[in-house]
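> Numbering (my numbering), first residue to last: 15 to 631.
In structure tokens, the structure reads:
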């Protein structure tokens, strides 16, 4: 006790003798702690502030945009949906306006009326909301063109020209940034700001006359604002991805993230035509930069475009390509996508892939970027030894798999692709700096999916979907998955594919999709006994092991998929892949309740033993 009293007496004596020094050290520590606390809480405070701002301005929960327009009947159907509180039909389109330095682009928005209860309510800076069809409110950013209340602004696009009187200057909740106003499909592609008018004043410029003729309706809206019940309880900036990644790391799991998995944003398709427009390269660079910075040090393995080599078969899904300028069939606008559109998208995606590798190297040197191709088609066997079938099979593989793989892994556009460009007059604009970018930024590993094999016979046509190509039935592969899909089951094919890929690219391989979809229903005891699924998995893993013994470097095996989801191949819940059953059906009914199938515990054992349970069974 005496020692303790002496200690504190000494401490206070030293402080009293060096008050200035003590105070300085105290303030440094205090300020450091304050700065740390401030920085730690800044993201949450900013997110909360943005959410509050958007809620106060009645920001729409959903915005639907339709290139073919919404009729009054369409609007009524959306209003009738469960959970929908309010639907506001309106127009959204691009236009040009003139100023002393030329013409610049603006985005034009409209609604039936403007008041304090409207969705996406603009914030009045000066003036008032429009009350007549020839009145408008303008972006505060357009003040740099010396526009003031009482002035007129002339807007024009392919549909015509219209003049509006400016009655208000506003900010809009759709634009958080004070500077960035996005892009424009007219002019030089830049967007200077926005203009807002009443629907009656927007219809003339907003309604595409070709579309009106196609649908035989001159009263079509281009967009819908939707208010949904209970939406305000969700934050704008969700932490779901952060929470999932953190949980995976805590459990000793390694996240493998695909940057684009068959979900090109609809707006980028309807406004820009998808990846056939090179503007998407810059959009993509901004997106991947954001993601890489956010998950630096947490995610080591990134995949760029899921099964992007399906693009020639399904350009809309795999390549986000949709061209409807002059649709051959309004009910099937995909039919208007030309071969050149596809090759434009091909080239732009190749450039975007190279940028992904480059940006990842700059932002997170410990992370790796790989490509992801569907490689069932690599197992396209010649039906017989007819040279036409042998080369036909090889060329099929090149034009369905290697045409992307050669660019992603070898850094060059292959000669057989350039031949197609020449012979079909469909070459994209190729830039030398981008070719150099592609050459210098190849992927670190090759990930792929494998489900089935097929054979090539020149006398039989080849069809395809997300599962791979389908040609003539192979008489030596007699086993098929159960009905109704009946995919050939060829476990030896995965060993063949792995050897072909490794010999060609000399890169580590990562199997990220292999699985089987079955028509499954709970039995009378409430269980699913999926023996065939485990048979499929075990047989394929045996041949993965054989490929490894062949000298193939294999990073890992990921089953598709752990939980029942809507199948991309057939677009239905009926085709179930998971170890976990989900109570949901094709018609949309179901509780979404989860139940474990028998395969769950068996696959768990495979993971725990790293496959030894298969090899020694």
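Beta carbons are placed, not taken as given, at the ideal position from N, Cα and C, and that holds for glycine.
What's the C-alpha gap between residue 380 and residue 113?
If you number the chain shown from 1, residue 380 lands on position 366. If you number the chain shown from 1, residue 113 lands on position 99. About 50 Å.
> How should residue 641 be labelled, buried or exposed, when 16 other C-beta atoms within 10 angstroms of its C-beta is the threshold for buried?
Outside the shown range of the chain (15 to 631) lies residue 641, about which nothing can therefore be said.
> Buried or exposed, going by whether 16 or more other CB atoms sit within 10 Å of the CB of residue 135?
Locating residue 135 in the chain shown gives position 121, counting from the first residue. Buried is the call here.
> Take residue 137 and list the residues in its own chain whose beta-carbon comes closer than 8 Å to its own, dropping the five residues that flank it on each side.
To locate residue 137, count along the chain shown from 1; it is residue 123. Contacts found: 71, 184, 185, 186, 187.
> Does the Cβ-Cβ distance between residue 467 and residue 390 come in under 8 Å?
If you number the chain shown from 1, residue 467 lands on position 453. If you number the chain shown from 1, residue 390 lands on position 376. Yes, the Cβ-Cβ distance between residue 467 and residue 390 is below 8 Å.
> Look up residue 114 in the DSSP assignment and say whether it is helix, strand or coil.
In the chain shown, counting from the first residue as 1, residue 114 sits at position 100. Coil.
> Report the partner residues of residue 109 according to the DSSP bridge assignment.
Reading the chain shown from its first residue, position 95 is the one you call residue 109. Bridge partners of residue 109: 120.
> Tell me which residues share the same chain as residue 83 and place their Cβ nearer than 8 Å to its Cβ, disregarding the 5 neighbours each side in the sequence.
Locating residue 83 in the chain shown gives position 69, counting from the first residue. Counting only Cβ-Cβ distances below 8 Å, and skipping sequence neighbours, we find 221, 222, 225, 226, 229, 231, 234, 235, 236.
> Run through DSSP, which three-state label would residue 258 get?
Here residue 258 refers to the residue found at position 244 of the chain shown. Reduced to three states, the DSSP call for residue 258 is helix.
> Across the region 513 to 522 and the region 457 to 476, are there enough close Cβ pairs to call them in contact, namely three or more that are closer than 8 Å?
yes
> May I have the straight-line CA-CA distance separating residue 434 from residue 357, to the nearest angstrom?
The sequence position of residue 434 within the chain shown is 420, counting from 1. The sequence position of residue 357 within the chain shown is 343, counting from 1. Going from the Cα of residue 434 to the Cα of residue 357 covers about 10 Å.
> Mapping DSSP to helix, strand and coil, what is residue 643?
The question about residue 643 has no answer, for the chain in this structure spans 15 to 631.
> Can you tell me which of the three DSSP states residue 372 falls into?
For the purposes of this step, residue 372 is identified with residue 358 of the chain shown, where counting begins at 1. If DSSP states are grouped into helix, strand and coil, residue 372 belongs with the helices.
> With DSSP collapsed to three states, give me the class of residue 175.
Your numbering for residue 175 matches position 161 in the chain shown. Three-state result, residue 175: strand.
> Taking 8 Å as the cut-off, decide whether the C-beta atoms of residue 547 and residue 530 are in contact.
Locating residue 547 in the chain shown gives position 533, where the first residue counts as 1. Locating residue 530 in the chain shown gives position 516, where the first residue counts as 1. Cβ atoms of residue 547 and residue 530: closer than 8 Å.
> Nearest-angstrom Cα distance between residue 396 and residue 607?
The residue labelled residue 396 in the question sits at position 382 within the chain shown. The residue labelled residue 607 in the question sits at position 593 within the chain shown. Their backbone Cα atoms lie some 46 Å apart in a straight line.
> Residue 354 by DSSP, collapsed to three states: which one?
Position 340 of the chain shown, counted from the start, is the residue given in the question as residue 354. Residue 354 falls in the helix class under three-state DSSP.
> By a C-beta neighbour count over all protein chains shown, 10 Å radius and 16 as the cutoff for buried, is residue 334 buried or exposed?
Reading the chain shown from its first residue, position 320 is the one you call residue 334. Result: buried.
> Can you name, in chain order, every residue of its own chain whose Cβ lies under 8 Å from the Cβ of residue 403, other than the five neighbours on each side?
On the chain shown, position 389 is the one that residue 403 refers to. Closer than 8 Å at the Cβ level, and outside the excluded window around residue 403, lie 396, 397, 470, 471, 472.
> Taking the beta strand (DSSP E) that residue 308 belongs to, which residues open and close that run?
What you label residue 308 is simply residue 294 of the chain shown in a count that begins at 1. No beta strand (DSSP E) holds residue 308; the alpha helix (DSSP H) holding it covers 293 to 308.
> Please state the DSSP three-state secondary structure of residue 267.
Translated into the one-based positions of the chain shown, residue 267 becomes position 253. Coil at residue 267, not helix or strand.
> Short check: CB of residue 198 to CB of residue 119, under 8 Å?
The residue given as residue 198 occupies position 184 in the chain shown. The residue given as residue 119 occupies position 105 in the chain shown. Yes. Within cutoff.
> Measuring alpha carbon to alpha carbon, tell me which residue in 583, 613, 578, 586 is nearest residue 597.
Start at 1 with the first residue of the chain shown, and residue 597 comes out as number 583. Among 583, 613, 578, 586, the Cα nearest to that of residue 597 belongs to 578.
> Considering only the beta carbon of each residue, do residue 181 and residue 122 sit closer than 8 Å?
Translated into the one-based positions of the chain shown, residue 181 becomes position 167. Translated into the one-based positions of the chain shown, residue 122 becomes position 108. The answer is no: Cβ separation not under 8 Å.
> Spatial neighbours of residue 605 within its chain, please: C-beta separation below 6 Å, excluding the five flanking residues on both sides.
The residue given as residue 605 occupies position 591 in the chain shown. Contacts found: 597.
> Report the residue from 522, 584, 534 whose alpha carbon sits nearest the alpha carbon of residue 561.
Residue numbering aside, residue 561 sits at position 547 when the chain shown is read from its first letter. Looking at the Cα atoms, 522 is the closest of the given residues.
> DSSP on residue 280, reduced to helix/strand/coil?
Working through the chain shown from its first residue, we reach residue 280 at position 266. In this structure, residue 280 counts as helix in the three-state DSSP scheme.
> Tell me whether residue 443 sits in a helix, a strand or coil according to DSSP, three-state version.
As a working note, residue 443 is residue 429 in the chain shown. It is coil, neither helix nor strand.
> Would residue 105 and residue 217 be called neighbours here (beta carbons separated by less than 8 Å)?
Locating residue 105 in the chain shown gives position 91, counting from the first residue. Locating residue 217 in the chain shown gives position 203, counting from the first residue. Result yes, Cβ atoms of residue 105 and residue 217 sit closer than 8 Å.
> Using DSSP with H/G/I as helix, E/B as strand and the rest coil, what is residue 556?
Translated into positions along the chain shown, residue 556 becomes position 542. The answer is helix: DSSP assigns residue 556 an H, G or I state.
> Considering only residues of the same chain and omitting the five flanking positions on each side of residue 100, which have a CB-CB separation below 6 Å?
As a working mapping, residue 100 is identified with position 86 in the chain shown. Closer than 6 Å at Cβ, skipping near neighbours: 241.
> May I have the straight-line CA-CA distance separating residue 314 from residue 619, to the nearest angstrom?
For the purposes of this step, residue 314 is identified with residue 300 of the chain shown, where counting begins at 1. For the purposes of this step, residue 619 is identified with residue 605 of the chain shown, where counting begins at 1. If I take the Cα positions, the gap works out to 25 Å.
> Across the region 496 to 508 and the region 418 to 425, are there enough close Cβ pairs to call them in contact, namely three or more that are closer than 8 Å?
no
> How is the beta strand (DSSP E) around residue 206 delimited, first residue to last?
If you number the chain shown from 1, residue 206 lands on position 192. Where residue 206 is concerned, the enclosing beta strand (DSSP E) stretches over 205 to 212.
> If the criterion is Cβ atoms closer than 8 Å, does the pair residue 162 and residue 169 meet it?
For the purposes of this step, residue 162 is identified with residue 148 of the chain shown, where counting begins at 1. For the purposes of this step, residue 169 is identified with residue 155 of the chain shown, where counting begins at 1. Cβ distance not < 8 Å, so residue 162 and residue 169 don't count as in contact.
> So, using beta-carbon positions, are residue 386 and residue 526 closer together than 8 Å?
Along the chain shown, one-based indexing puts residue 386 at 372. Along the chain shown, one-based indexing puts residue 526 at 512. Yes, these two residues count as a Cβ contact at 8 Å.
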